[in-house]
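These protein sequence lines are chains A and B, in that order. Per the working numbering, the first sequence starts with residue 1, numbered consecutively. Per the working numbering, the second sequence starts with residue 286, numbered consecutively. In what follows, a structure is listed as structure tokens, so that the remarks can point back to it.
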Amino acid sequence: MRFLKRFIHFNRVVKSRPTKYFFLIVALMVGLFMQAYMHNYNIVYIVLFFVFAVAGSSCLLGRLNIYKLQLKPLPVADVFAGRSFDLSIAIVNEAASDSYALYLQDRPIDRVEAKGERVVTVPKRFASRGRHAVGKLRLTSYFPFGHIRFYKEFHPKEKLIVYPRPKGKSLQKSFQSRLQRFGQLDSFDRLRSYDPADQLSHIHWPSVAKGQLQSKKFHYSMENRRLEFDFYRAGQGTEQRLSQLTLWVLQAYEHDIDFVLRLPKETLYKKRGQKDAILEKLALY
Amino acid sequence: MRFLKNWRYTNDLALIDAALLVALAPVILVVKLPMQLFVLVAVGFIWQKRRSWQYVLLFLGAVAVGVSFFALFASTDLSRFRIFVEFIISLLLVAVAVQRLQERLNFYLLISPFLLMSLGLFYYESISALFFTILQLFIFTVLLLHSRMRQGLLDAVRMGVIVFFISAPVIVVLFLFFPRISFDTKDFGFKGRQLGAAGHDGQMYVDDRALKVLSKEVVMEVEFPSGFPSSQLYFRGSVLYENEGNSWVETDNPPNARPLAQKEEFITYNVTLYPHYKTYLYALDYPVSLPKKAKLERGYVLKAQKPIFQTKRYEMRSAQNYRSLQNSIDPQALHYDADKNPQTRKAAKKLRGIDEPAKRLEALKDLFRKQKLRYSLEPPAYDLQNYVDAFLFDQRVGYCVHFASAFAVSARMAGLPARVVTGYKANMQNRVENYIVIRREDAHAWTEIYLPKQGWVRVEATALTAGGQSGEEGALEAVDRVKTAPDPWELRLLYLKYRIQSWVLHYNYLKQQDFFTKLLRDRQFLTLFVLSVLFLAVLGVSIFALLRKTRCKDPAVCLMQKLLAHLQKRGVVKDRSRSLHGFLSAQRDPGLEQIDRLYHRIEFAPDAHKKELKTLKRLIERYIKEQ
């Protein structure tokens, strides 16, 4: 009974569909049957039964190949609505034998070792912001002979926070006057990634020579002016405003500009390492 | 093994090449010389990667096909199925060569090895072909798996073995139970196979051309499905009436118009006769059935309509007790040369006084016994003018032809109709269970005497030698012992080959019916069969379990996996994210800590010694035992 239950589960978990090669095998078997039956050709009978038995036994091998594979989506940073991103997924093989000839969505994977795991990235895209389920993931196997496609569908419980799509006027344009530096350049702070708005004199040429486009960041003597990102002044309509605010928040963090984000019922202050929390607020608004 | 292990997947074209090579091996022997040359040229083109020469190759292929089949255009050979198959094979070879030259894997190229293999099967049906086909299937399976798995070839071989073994019970059951129809088996045989193998023909000499065959080459194999007969087995070849001095020759024998011998106590047996290029079909005394395309001639001589150029299998029935009566006796059966062998004639004349033919025959046998004749395969030279006298009264040494000939001549002189029969007498040393091999060295000659009430009676003149003490049977066994005993291994292998042939290659509707009947009637057989299938299934599952599990390559890791499995059974499970050191340390078990220290030393210390691995093994085993 236990065995039967397990067998039913085994067949329910791993589904199968014939491929074009399945029909080729059927045609081949018909041909072999004709050849064997006409003259009682026993070698041909053996070949025919071999093809039949192997095609049948491969169903077992194919199912076993992916039966004990599990998918675990790994945490992913900065997912924005309308933009593709790579979702990293760990394929965990809980079986005592290796699994071969796999596809996660369309991404081919040669082997996942027994009791091991393999991290694979699959492209993903969400159209809207908010909390989204990872969605259906399909692990397919063409093992052992490719005449049957075995697949296992996963519906991971993990949810992703999808931030609003960063869109609108750049921080430079929106807050041009506010962003003018006050005071004199004081001292070198650190290197940061290049921004097209940077002055030529701020480009760090030794880094450029090494192949990294970086700019020098300086302290200004009177720089600690805080920008105000106001929800209502950020554009027309909620989604447009959230997109604008997201862009500003990202650019502010990038250029290390202090800001305060005023949402209708909440005010958020820039803090180091809090970018994701602020973006999450915008995503779930 | 290392070669297999290190052989990595390169590309599918290389695998197709390997499959084509395996599929081509038997097919290349089938096609004609121009096609063989074309294949060679094509291999050269492919080797040189002359992709742009595809039209040249196509042209050469067309020429090769044209030359191969041009001569057959107006021939009756075209009506033969084989020619069409050969034509298809030739076209396929051209197509495959052109496709392969393109170095692009396509559907047609993918299925071509299997197509070539299937077409090749039209030509071959023998044990070698059976084993080669199984090998081909295994190689195709492994290559296909290798293409899918893209790992070392050894992994594919391992998986191939699994596939083979788990499929085996299904193949066996399907093979035995799949309904068959009663068509004849098409027997193509290997091309250019088989040498003539006969120790017997339609003549018998008593001079230096005398039949003395020492070859152990197999003439035929005989199986007695319903039990091995207890009597000596005489396979009739030809019946010789005409004595031309030192030889006996076969005359034109009219067809036997009389009904077959008295149908009592039949022996049923299957004969597998190998090619001997003559028309003789051998059957035990006296045949009561007729194989297909065969005729029965005077003296119950069985002949095929055409010479035997291919292995012939036929089922026969013979009557052990028979009375072969004739309305009139052929005068040839009493003919002898009155000018020769005066001594024998004189002795035989005395026997003519005995009225009762049966008693006269016994008296003649006594005459032979009194001469204390000796059996030897190397007799001295005889006086060929009077060879019966020389044999009976002077040299007294000879073998079957001398005995049979002398007895027949003497019987005729004594007024008893006599004829010489040549054929084979089975050597019981060549028997395995219900099966016996007849070799060329078993060729034999004996005499038949006609007695009015009994008809033709076999007289084993050769047994009138050393049989004085232990009877005729003992004498014949002594004669058999003169021949070198067969190698028991060779005999067993022959038997195995025969069983495979009869149960695999020639399994048909009738055999299937017999098999079903036996299954239904014989419970012991049924049990044995079920147990055999179960054994195959268990073997398949065991091999599946044994080979499918991935073996760990690092011996220290293998030992630690054993330990972890043991701990898991006890409910102590290592989290995947946790390090082995962290896990073992957290158990706060001195035994585990010791194992942990040693394991990490073996794995990471540059001066770790092999002996330490043994220590680790001992420690782990002790820990598991103590727990």
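The C-beta atom is built at its ideal place from N, Cα and C for all residues, glycine as well.
- Message: Could you tell me which whole alpha helix (DSSP H) segments of length 4 or greater appear in the segment 619–699 of chain B?
- Response: If you keep only unbroken alpha helix (DSSP H) runs of at least 4 residues inside the segment 619–699 of chain B, you get 627–636, 642–655, 685–698.
- To the nearest angstrom, how far is it from the Cα of B:Ser603 to the Cα of B:Pro572? Here residue 603 of chain B refers to the residue found at position 318 of the second sequence. Here residue 572 of chain B refers to the residue found at position 287 of the second sequence. Near 4 angstroms, if we compare the C-alpha coordinates of B:Pro572 and B:Ser603.
- Compare the C-beta of B:Asn793 against all C-beta atoms of chain A and say whether one is closer than 9 angstroms. Walking along the second sequence from the start, residue 793 of chain B turns up at place 508. So, interface residue.
- Message: To the nearest angstrom, how far is the alpha carbon of B:Arg630 from that of B:Gly584?
- Response: As a first step, residue 630 of chain B must be located in the second sequence, where it is residue number 345. As a first step, residue 584 of chain B must be located in the second sequence, where it is residue number 299. Here the alpha carbon of B:Arg630 sits roughly 26 angstroms from the alpha carbon of B:Gly584.
- Task: Please check if any C-beta of chain A sits within less than 9 angstroms of the C-beta of B:Ser403.
- Result: Sequence index remark: in the second sequence, residue 403 of chain B carries index 118 (1-based). Yes - at least one Cβ of chain A is within 9 angstroms of the one on B:Ser403.
- Message: Counting only C-beta atoms, is A:Pro144 closer than 9 angstroms to chain B at any point?
- Response: The count along the first sequence starts at 1 and reaches residue 144 of chain A at position 144. It does; some Cβ of chain B falls within 9 angstroms.
- Task: With a floor of 3 residues, list each beta strand (DSSP E) that falls wholly inside the segment 55–98 of chain A, ordered by position along the chain.
- Result: List check, beta strand (DSSP E) in window: 69–73, 84–93.
- Query: Is B:Ala618 closer than 9 angstroms to B:Ala703 when the C-beta atoms are compared?
  - Reply: By 1-based counting over the second sequence, the position of residue 703 of chain B is 418. By 1-based counting over the second sequence, the position of residue 618 of chain B is 333. Cβ atoms of B:Ala703 and B:Ala618: closer than 9 angstroms.
- Item | Check whether A:Pro239 and A:Arg129 have beta carbons under 9 angstroms apart | Position 239 of the first sequence holds residue 239 of chain A. Position 129 of the first sequence holds residue 129 of chain A. A small correction: the amino acid at residue 239 of chain A is Glu; Pro does not occupy that position in the sequence shown. Contact flag set, yes.
- Message: So that I know if they touch, is there some Cβ in chain B lying closer than 9 angstroms to that of A:Phe291?
- Response: Examination of residue 291 of chain A is not possible in this model, given that chain A is present from 1 through 285 alone.
- Since A:Ser193 sits in a beta bridge, which residues does DSSP pair it with? For the purposes of this step, residue 193 of chain A is identified with residue 193 of the first sequence, where counting begins at 1. Answer is A:Gln214, bridged to A:Ser193.
- Item | Close-in-space but distant-in-sequence residues of the same chain around B:Leu849 (CB under 7 angstroms, 5 per side omitted) | Reading the second sequence from its first residue, position 564 is the one you call residue 849 of chain B. Correct list, in chain order: Lys859.
- In whole angstroms, what is the alpha-carbon distance linking A:Ile66 and A:Phe7? Position 66 of the first sequence holds residue 66 of chain A. Position 7 of the first sequence holds residue 7 of chain A. Rounded to the nearest angstrom, the two C-alpha atoms are 14 angstroms apart.
- Item | Under the three-state DSSP convention, the category B:Asn528 falls into | To locate residue 528 of chain B, count along the second sequence from 1; it is residue 243. In the structure shown, B:Asn528 falls within a strand segment according to DSSP collapsed to helix, strand and coil.
- Who are the Cβ neighbours of B:Asp622 in its own chain at under 8 angstroms, not counting the five residues just before and after it? In the second sequence, counting from the first residue as 1, residue 622 of chain B sits at position 337. So the list reads Asn528, Gly530, once near-sequence residues are dropped.
- Task: Taking 8 angstroms as the threshold, find out whether the segment 109–129 of chain A comes into contact with the segment 161–170 of chain A through three or more Cβ pairs.
- Result: By the Cβ test, the segment 109–129 of chain A is in contact with the segment 161–170 of chain A, since at least three Cβ pairs between them sit closer than 8 angstroms.
- Message: Please list the terminal residues of the continuous alpha helix (DSSP H) segment that includes B:Lys899.
- Response: Residue numbering aside, residue 899 of chain B sits at position 614 when the second sequence is read from its first letter. Element bounds for B:Lys899: 895–911.
- Query: Which residues in chain B sit within 8 angstroms of A:Arg118, going by Cβ to Cβ distance?
  - Reply: Locating residue 118 of chain A in the first sequence gives position 118, where the first residue counts as 1. Counting only Cβ-Cβ distances below 8 angstroms, A:Arg118 has no contacts in chain B at all, with the closest Cβ about 13 angstroms away.
- Task: Could you tell me whether any Cβ in chain A is nearer than 9 angstroms to the Cβ of B:Asp839?
- Result: Counting from 1 along the second sequence, the entry for residue 839 of chain B is found at position 554. Cβ-Cβ to chain A under 9 angstroms: no for B:Asp839.
- Task: Tell me, please, whether the CB atom of A:Asn40 is closer than 9 angstroms to any CB atom in chain B?
- Result: The sequence position of residue 40 of chain A within the first sequence is 40, counting from 1. For A:Asn40, the nearest CB of chain B lies under 9 angstroms from its own CB, placing it at the interface with that chain.
- Task: State whether the segment 145–165 of chain A contacts the segment 185–204 of chain A, with contact taken as three or more CB pairs (one from each stretch) at a distance under 8 angstroms.
- Result: No, the segment 145–165 of chain A is not in contact with the segment 185–204 of chain A.
- Do the segment 687–700 of chain B and the segment 503–516 of chain B meet, that is, are 3 or more Cβ pairs less than 8 angstroms apart? Touching, no, given that fewer than three Cβ pairs across the two stretches are closer than 8 angstroms.
- So which residues of chain A does B:Ala414 contact, with C-beta pairs closer than 9 angstroms? Locating residue 414 of chain B in the second sequence gives position 129, counting from the first residue. Under a criterion of Cβ atoms nearer than 9 angstroms, the residues of chain A adjacent to B:Ala414 are, in order, Ile43.
- Item | Range covered by the beta strand (DSSP E) that runs through A:Asp110 | Against the first sequence, residue 110 of chain A aligns to sequence position 110. Segment 107–112, the beta strand (DSSP E) holding A:Asp110.
- Message: Does any residue of chain A have a CB that is nearer than 9 angstroms to the CB of B:Gln754?
- Response: Within the second sequence, residue 754 of chain B is the residue found at index 469, counting from 1. Because B:Gln754 carries a pLDDT of 47, less than 50, the predicted location of this residue cannot be relied on, and the following value inherits that uncertainty. Chain A contact via Cβ: absent.
- Task: Compare the C-alpha of B:Gly683 against each of B:Leu669, B:Met698, B:Pro665 and name the closest.
- Result: Numbered from 1 along the second sequence, position 398 holds the residue referred to as residue 683 of chain B. Per the Cα distances, B:Pro665.
- Task: Using three-state DSSP, classify B:Val316 as helix, strand or coil.
- Result: To locate residue 316 of chain B, count along the second sequence from 1; it is residue 31. The answer is coil: DSSP assigns B:Val316 none of H, G, I, E or B.
- Can you tell which of B:Val815, B:Arg855, B:Ala730, B:Pro737 has its C-alpha closest to the C-alpha of B:Asp640? If you number the second sequence from 1, residue 640 of chain B lands on position 355. Ranking B:Val815, B:Arg855, B:Ala730, B:Pro737 by Cα distance to B:Asp640 puts B:Pro737 first.
- Beta-bridge pairing of B:Val742 - partner residues as DSSP gives them: Mapped onto the second sequence, residue 742 of chain B falls at position 457. B:Val742 is bridged to B:Ile734.
- Span of the alpha helix (DSSP H) around B:Gly825: What you label residue 825 of chain B is simply residue 540 of the second sequence in a count that begins at 1. Unbroken alpha helix (DSSP H) run through B:Gly825: 808–833.
- Task: Taking A:Tyr232 as the reference, give the member of A:Arg192, A:Glu254, A:Asp256, A:Pro264 with the closest Cα.
- Result: Along the first sequence, read from residue 1 onward, the residue named residue 232 of chain A stands at position 232. Nearest of A:Arg192, A:Glu254, A:Asp256, A:Pro264 to A:Tyr232, Cα basis: A:Pro264.
- Message: Please list, in chain order, the chain B residues whose beta carbon lies closer than 8 angstroms to that of A:Glu97.
- Response: The residue given as residue 97 of chain A occupies position 97 in the first sequence. Contrary to the premise, residue 97 of chain A reads as Ser rather than Glu in this sequence. Near A:Ser97 (Cβ distances below 8 angstroms), the residues of chain B are Arg833, Lys834, Thr835.
- Going by DSSP, which residues form a beta bridge with B:Phe520? Taking the first residue of the second sequence as position 1, residue 520 of chain B is located at position 235. B:Phe520 is bridged to B:Leu569, B:Tyr709.
- Query: Is there a Cβ from chain A that is less than 9 angstroms from the Cβ of B:Ser397?
  - Reply: Counting from 1 along the second sequence, the entry for residue 397 of chain B is found at position 112. Closer than 9 angstroms to the CB of B:Ser397 there is not a single CB belonging to chain A.
- So B:Trp533 packs on B:Gln488, CB below 8 angstroms; how close in whole Å? Numbered from 1 along the second sequence, position 248 holds the residue referred to as residue 533 of chain B. Numbered from 1 along the second sequence, position 203 holds the residue referred to as residue 488 of chain B. The Cβ separation is near 7 angstroms, so the contact holds.
- How about A:Ser207 and A:Gln199: are their beta carbons less than 9 angstroms apart? As a first step, residue 207 of chain A must be located in the first sequence, where it is residue number 207. As a first step, residue 199 of chain A must be located in the first sequence, where it is residue number 199. Remark: C-beta atoms of A:Ser207 and A:Gln199 do not approach each other more closely than 9 angstroms.
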